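Participant: Sharing a structure here in structure tokens format.
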Amino acid sequence: MADSLVIVESPAKAKTIGKYLGKKFIVKASMGHVRDLPKSQLGVNIEHNFEPKYITVRGKGDVLKQLRDAKKKVKRVYLAADPDREGEAIAWHLAHSLNLPLDDKCRVVFNEITKQAVKDAFKHPRKIDMTLVNAQQARRVLDRLVGYGISPLLWKKVKKGLSAGRVQSVAVKLIIDREKEIRQFKPEEYWTVTAILLRGDEPFEAKFYGYGSKKTELKSKEDVDQLLAVIKGKRFVVEEVKKSERRRNPSPPFITSTLQQEAARKLNFRAQKTMAVAQQLYEGVDIGKEGTVGLITYMRTDSTRVSQTAQQEVRSYIGETFGDRYVPAQPRTHKTKAGAQDAHEAIRPTSVTRTPAQLKGVLTRDQLRLYKLIWERFVASQMAPAVLDAISANIRAGEALFRATGSKIKFPGFMKVYIEGSDDNKKEEESFLPPLEEGEQLKRKSIDPKQHFTQPPPRYTEARLVKELEEKGIGRPSTYAPTLDTIQKRGYVLLEDKRFVPSELGEIVLELIEEFFPEIINVEFTAHMEEDLDLVEEGKVDWVQVLDRFYQSFEKRLSFAEKEMEEVEIQDEVSDEVCEKCGSLMVYKFGRYGKFLACPSFPECRNTKAIVKSTGVTCPKCEKGEIVERKSKKKRTFYGCNRYPDCDFVSWDRPVPRPCPRCERLMVEKKVKKQPVIRCTECDYQEEKA
Numbered sequence: 001m002a003d004s005l006v007i008v009e010s011p012a013k014a015k016t017i018g019k020y021l022g023k024k025f026i027v028k029a030s031m032g033h034v035r036d037l038p039k040s041q042l043g044v045n046i047e048h049n050f051e052p053k054y055i056t057v058r059g060k061g062d063v064l065k066q067l068r069d070a071k072k073k074v075k076r077v078y079l080a081a082d083p084d085r086e087g088e089a090i091a092w093h094l095a096h097s098l099n100l101p102l103d104d105k106c107r108v109v110f111n112e113i114t115k116q117a118v119k120d121a122f123k124h125p126r127k128i129d130m131t132l133v134n135a136q137q138a139r140r141v142l143d144r145l146v147g148y149g150i151s152p153l154l155w156k157k158v159k160k161g162l163s164a165g166r167v168q169s170v171a172v173k174l175i176i177d178r179e180k181e182i183r184q185f186k187p188e189e190y191w192t193v194t195a196i197l198l199r200g201d202e203p204f205e206a207k208f209y210g211y212g213s214k215k216t217e218l219k220s221k222e223d224v225d226q227l228l229a230v231i232k233g234k235r236f237v238v239e240e241v242k243k244s245e246r247r248r249n250p251s252p253p254f255i256t257s258t259l260q261q262e263a264a265r266k267l268n269f270r271a272q273k274t275m276a277v278a279q280q281l282y283e284g285v286d287i288g289k290e291g292t293v294g295l296i297t298y299m300r301t302d303s304t305r306v307s308q309t310a311q312q313e314v315r316s317y318i319g320e321t322f323g324d325r326y327v328p329a330q331p332r333t334h335k336t337k338a339g340a341q342d343a344h345e346a347i348r349p350t351s352v353t354r355t356p357a358q359l360k361g362v363l364t365r366d367q368l369r370l371y372k373l374i375w376e377r378f379v380a381s382q383m384a385p386a387v388l389d390a391i392s393a394n395i396r397a398g399e400a401l402f403r404a405t406g407s408k409i410k411f412p413g414f415m416k417v418y419i420e421g422s423d424d425n426k427k428e429e430e431s432f433l434p435p436l437e438e439g440e441q442l443k444r445k446s447i448d449p450k451q452h453f454t455q456p457p458p459r460y461t462e463a464r465l466v467k468e469l470e471e472k473g474i475g476r477p478s479t480y481a482p483t484l485d486t487i488q489k490r491g492y493v494l495l496e497d498k499r500f501v502p503s504e505l506g507e508i509v510l511e512l513i514e515e516f517f518p519e520i521i522n523v524e525f526t527a528h529m530e531e532d533l534d535l536v537e538e539g540k541v542d543w544v545q546v547l548d549r550f551y552q553s554f555e556k557r558l559s560f561a562e563k564e565m566e567e568v569e570i571q572d573e574v575s576d577e578v579c580e581k582c583g584s585l586m587v588y589k590f591g592r593y594g595k596f597l598a599c600p601s602f603p604e605c606r607n608t609k610a611i612v613k614s615t616g617v618t619c620p621k622c623e624k625g626e627i628v629e630r631k632s633k634k635k636r637t638f639y640g641c642n643r644y645p646d647c648d649f650v651s652w653d654r655p656v657p658r659p660c661p662r663c664e665r666l667m668v669e670k671k672v673k674k675q676p677v678i679r680c681t682e683c684d685y686q687e688e689k690a
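Mapping the sequence shown onto full-length UniProt numbering, position 283 (from 1) lands on 283, and the numbers just tick up by one.
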């Protein structure tokens, strides 16, 4: 008969841990928090040291009854929620709800859900850490003060359903500031001139650098004409050749923010999806003979630290799989950024010997892709550096200096397993340069001048925004994904072509917050507040003092805003679409799933429509309708006939508004070996996408 009760957050985690602990333990799930602040009121007694008023979360009454009944049948209760502030707070709430003594050693934590880690953790239970609990309480109360202070004001002055928060408001500000930069940007003209030269029959490129030894920018067609006149009739002579060896070290293993960024780049995952799939891998997956196993370490972390055991295991694996040359002399340690909590290890496989190939038949497609990314990044992080032979040559044509560069991978090192992605889609490729000798003359094949214009800074993708928030110290690993989700649901920003664009509503709300609550969207202030919360966790600062210091000025600003903030009426943007029910011009509205068309005569007319983007291509099936862009239930873009359901033509590939030059059938955009091409849907015609 069982003599201990173990409480975790989720059924998946309970199943995995229950298998490891055996029959003497009953393992139950609390399904997350069992107590929280009430939704219908502030729930904070400001006059009494910001004392929170906790109530049982709606729907958790039955869960608590089951836990209380289970407690009566056992001698001991262990609280094994996740190893972070949130998990510590969940354990504390459970202790209160189950009347467990706070000085009892009932708290069990582990960074990975493996048999050894779990059994070791139960050998060393500890008391609930109140500094962690207080840090979480301070964050929760602080966010409640801000949200329940400013949000009703926005409801009253602007529009119902709006909200404000410390982290989300700064995220919106970053997006809007970037949009202002783009609007104010003035493109500048510049030119590049590339000489295609021959050494024997081998062609290679050399780019214009400058005159004499001074770098010169070509800003106009006149500058290019002057250069062409200078090199006209001149011989291209190799003036100097430099050879060097470059070493490139691997990226560190993933932390939460870098995992979200790389999953966005390489897997096209949204931040929320990345964390949801990572949670599944952490809590445990049934992989066959081994049963249910936690496949990765805890996925909310800001530390690149790796345990000695994991290092030894991966070094042995690298040596056996790739050879001793790929194992560095000493285990690699990667520097953790300043200000990191460093509470947990980096995100890594719980066992490097469980290769992605072995798990191919047991994981879902998304689980396997994310696991493969984590596994490869971790293995590469402990491998030898890559060695590249680099060569550069100065080539003179009269007074004009051209430069040619080339590189060749001498030893792949970690690149044999993994290369970090780039937001700019740059690839690590070898570049050809034939063996050149100083003084030799080269043949000129052609001169290629090209006009360019400087580009504005790019809008934020989810990956770029997470990186920016992390670098500025805004939020913590657990906050990034929900923050991005919230600012979209509120209609403050939209995702267009996977990049954030602010809405008119977002700009109006930010303007009001900037005017009346400037500290809320001040990057330095918000980052400093995160540091204060970290000090609370370390037991160096009292959490009530942190809240009191903030609230003294916030309360004055709130009172002033109540009197001085003017009401703002946001006019709906009118479209060209005519409502087929009443004849009115429909307007654009925002809902929980994004932008849509609605009749302005509501509630008399309740007609709504989804917004569809036309491709300008006639449907090849019915030859009557037009192909439009649509979204599947899983938010995946596809293309279908606008006469659906009368015509059921669909395509996952974007149609091209011109027929195939061979057979005159539909052509679509596709990716072949990650390169965009245009391909016919009938014959084998294919061309590169410009």
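Beta carbons are placed, not taken as given, at the ideal position from N, Cα and C, and that holds for glycine.
All of these numbers come straight from a predicted model, not from anything done at the bench.
Taking 8 Å as the threshold (C-beta atoms), are residue 357 and residue 304 in contact?
Facilitator: Within the sequence shown, numbered from 1, the residue matching residue 304 stands at position 304. Within the sequence shown, numbered from 1, the residue matching residue 357 stands at position 357. No, the Cβ-Cβ distance between residue 304 and residue 357 is not below 8 Å.
Participant: Rank 197, 532, 397 and 562 by C-alpha distance to the C-alpha of residue 550 and give the top, closest one.
Facilitator: Position 550 of the sequence shown, counted from the start, is the residue given in the question as residue 550. If we check each option's Cα against that of residue 550, 532 comes out closest.
Participant: Locate the beta strand (DSSP E) running through residue 78, then write down its first and last residues.
Facilitator: What you label residue 78 is simply residue 78 of the sequence shown in a count that begins at 1. Where residue 78 is concerned, the enclosing beta strand (DSSP E) stretches over 76-79.
Participant: How many whole angstroms separate the CB atoms of residue 162 and residue 509, which I take to be in contact at a CB cut-off of 8 Å?
Facilitator: Residue mapping note: residue 162 aligns to position 162 of the sequence shown, counting from 1. Residue mapping note: residue 509 aligns to position 509 of the sequence shown, counting from 1. Their Cβ separation, rounded to whole angstroms, is 6 Å, which keeps residue 162 and residue 509 in contact under 8 Å.
Participant: For residue 631 and residue 354, what's the separation of their Cα atoms in angstroms?
Facilitator: Stepping through the sequence shown from its first residue, residue 631 is reached at position 631. Stepping through the sequence shown from its first residue, residue 354 is reached at position 354. When rounded, the distance between both Cα atoms is 36 Å.
Participant: Quick check on the DSSP output: the alpha helix (DSSP H) that includes residue 21 runs from which residue to which?
Facilitator: Here residue 21 refers to the residue found at position 21 of the sequence shown. Residues 11-21.
Participant: Let me know the secondary structure DSSP gives residue 543 once reduced to three states.
Facilitator: Sequence index remark: in the sequence shown, residue 543 carries index 543 (1-based). The answer is helix: DSSP assigns residue 543 an H, G or I state.
Participant: Three or more C-beta pairs closer than 8 Å, one from the stretch 553-570 and one from the stretch 507-526: is that the case here?
Facilitator: The stretch 553-570 is in contact with the stretch 507-526.
Participant: So what's residue 319 in DSSP terms, helix, strand or just coil?
Facilitator: Counting from 1 along the sequence shown, the entry for residue 319 is found at position 319. Of the three classes helix, strand and coil, the one that applies to residue 319 here is helix, per DSSP.
Participant: Pairing CB atoms from the stretch 446-461 with CB atoms from the stretch 185-193, are three or more of them under 8 Å?
Facilitator: Enough Cβ pairs lie closer than 8 Å, so yes.
Participant: Taking the C-alpha atoms as reference points, what is the distance between residue 540 and residue 87?
Facilitator: Locating residue 540 in the sequence shown gives position 540, counting from the first residue. Locating residue 87 in the sequence shown gives position 87, counting from the first residue. Whole-angstrom Cα-Cα distance: 21 Å.
Participant: Would you call the stretch 119-130 and the stretch 94-110 in contact, with 3 or more CB pairs under 8 Å?
Facilitator: Contact between the stretch 119-130 and the stretch 94-110 is present, because at least three Cβ pairs lie under 8 Å.
Participant: In the DSSP output, which residue or residues are listed as bridge partners for residue 236?
Facilitator: As a working mapping, residue 236 is identified with position 236 in the sequence shown. For residue 236, which the question treats as bridged, DSSP gives the partners 442.
Participant: Identify every residue that forms a DSSP beta bridge with residue 199.
Facilitator: What you label residue 199 is simply residue 199 of the sequence shown in a count that begins at 1. Answer is 202.
Participant: Specify the secondary structure class of residue 218 as computed by DSSP and reduced to three states.
Facilitator: As a working mapping, residue 218 is identified with position 218 in the sequence shown. Strand at residue 218.
Participant: Which runs of the alpha helix (DSSP H) at least 4 residues long sit entirely within the stretch 262-303? Give them in chain order.
Facilitator: For the stretch 262-303, whole alpha helix (DSSP H) runs of length 4 or above, ordered along the chain, are 271-283.
Participant: Do we get a CB-CB distance below 8 Å when we pair residue 228 with the residues of chain D?
Facilitator: No chain D appears in the structure shown, which is made up of a single protein chain.
Participant: Just to confirm, are residue 702 and residue 467 a CB contact at a threshold of 8 Å?
Facilitator: This structure cannot settle anything about residue 702, because the visible part of the chain is limited to 1 through 690.
Participant: Work out the CA separation of residue 390 and residue 330 for me, nearest whole Å.
Facilitator: Locating residue 330 in the sequence shown gives position 330, counting from the first residue. Locating residue 390 in the sequence shown gives position 390, counting from the first residue. Those two C-alpha atoms are separated by around 26 Å.
Participant: Kindly indicate which residue of 281, 25 and 173 has the alpha-carbon position closest to the one of residue 469.
Facilitator: The residue labelled residue 469 in the question sits at position 469 within the sequence shown. Taking only the C-alpha atoms, the option nearest residue 469 is 173.
Participant: How do the stretch 62-82 and the stretch 22-31 stand: do at least 3 beta-carbon pairs fall below 8 Å, yes or no?
Facilitator: As far as the Cβ criterion goes, the stretch 62-82 touches the stretch 22-31, which means the pair count is three or higher.
Participant: Since residue 370 and residue 281 are thought to touch, with beta carbons under 8 Å apart, how far apart are those beta carbons, to the nearest angstrom?
Facilitator: Taking the sequence shown and counting its residues from 1, one reaches residue 370 at position 370. Taking the sequence shown and counting its residues from 1, one reaches residue 281 at position 281. Rounded, the Cβ-Cβ distance is 7 Å, consistent with contact.
Participant: Compute the Euclidean distance between the alpha carbons of residue 229 and residue 393, then round it to the nearest angstrom.
Facilitator: Here residue 229 refers to the residue found at position 229 of the sequence shown. Here residue 393 refers to the residue found at position 393 of the sequence shown. Approximately 23 Å, taken between the alpha carbons.
Participant: Ordered along the chain, which non-local residues of its own chain (more than five positions away) have a Cβ less than 8 Å from that of residue 670?
Facilitator: Along the sequence shown, one-based indexing puts residue 670 at 670. Excluding positions up to five away in sequence, the list reads 653, 676, 677, 678 and 679.
Participant: Output the boundary residues of the beta strand (DSSP E) element that contains residue 667.
Facilitator: For the purposes of this step, residue 667 is identified with residue 667 of the sequence shown, where counting begins at 1. Note, residue 667: beta strand (DSSP E), 667-672.
Participant: Decide if residue 560 is buried, meaning its Cβ has at least 16 other Cβ atoms within 10 Å, or exposed.
Facilitator: What you label residue 560 is simply residue 560 of the sequence shown in a count that begins at 1. Classification for residue 560: exposed.
Participant: Below 8 Å on the Cβ atoms is my guess for residue 113 versus residue 291; work out the distance and round it to an integer in Å.
Facilitator: Residue numbering aside, residue 113 sits at position 113 when the sequence shown is read from its first letter. Residue numbering aside, residue 291 sits at position 291 when the sequence shown is read from its first letter. Not quite, the Cβ-Cβ distance comes to about 12 Å (not below 8 Å), so this is no contact.
Participant: Got a sec, what are the start and stop residues for the beta strand (DSSP E) residue 4 sits in?
Facilitator: Stepping through the sequence shown from its first residue, residue 4 is reached at position 4. It spans 4-8 - the beta strand (DSSP E) in which residue 4 sits, taken as one unbroken run.
Participant: Does residue 639 come out as helix, strand or coil in the three-state DSSP assignment?
Facilitator: Position 639 of the sequence shown, counting from 1, holds the residue named residue 639. Three-state result, residue 639: strand.
Participant: Nearest CA to the CA of residue 615: which residue from 656, 252 and 460?
Facilitator: As a position in the sequence shown, residue 615 is number 615, starting the count at 1. When each option's Cα is compared against that of residue 615, the closest is 656.
Participant: According to DSSP, simplified to helix, strand and coil, what is residue 49?
Facilitator: To locate residue 49, count along the sequence shown from 1; it is residue 49. Residue 49 falls in the coil class under three-state DSSP.
Participant: Can at least three beta-carbon pairs, one atom from the stretch 512-519 and one from the stretch 475-488, be found at a separation below 8 Å?
Facilitator: Counting Cβ pairs under 8 Å, fewer than three are found: no touch.
Participant: Over the uninterrupted alpha helix (DSSP H) stretch that includes residue 166, give me the two end residues.
Facilitator: Reading the sequence shown from its first residue, position 166 is the one you call residue 166. Element bounds for residue 166: 166-184.
Participant: Using 8 Å for Cβ pairs, my map puts residue 248 next to residue 385. What's the rounded Cβ distance?
Facilitator: The sequence position of residue 248 within the sequence shown is 248, counting from 1. The sequence position of residue 385 within the sequence shown is 385, counting from 1. Between residue 385 and residue 248 the Cβ distance is about 6 Å, and since that is below 8 Å, they are a contact.
Participant: Should residue 417 and residue 380 be called a contact, given that it needs their Cβ atoms to be closer than 8 Å?
Facilitator: Against the sequence shown, residue 417 aligns to sequence position 417. Against the sequence shown, residue 380 aligns to sequence position 380. Contact flag set, yes.
Participant: Give me the Cα-Cα distance between residue 642 and residue 651, rounded to the nearest whole angstrom.
Facilitator: Taking the first residue of the sequence shown as position 1, residue 642 is located at position 642. Taking the first residue of the sequence shown as position 1, residue 651 is located at position 651. Between residue 642 and residue 651, the C-alpha separation is close to 13 Å.
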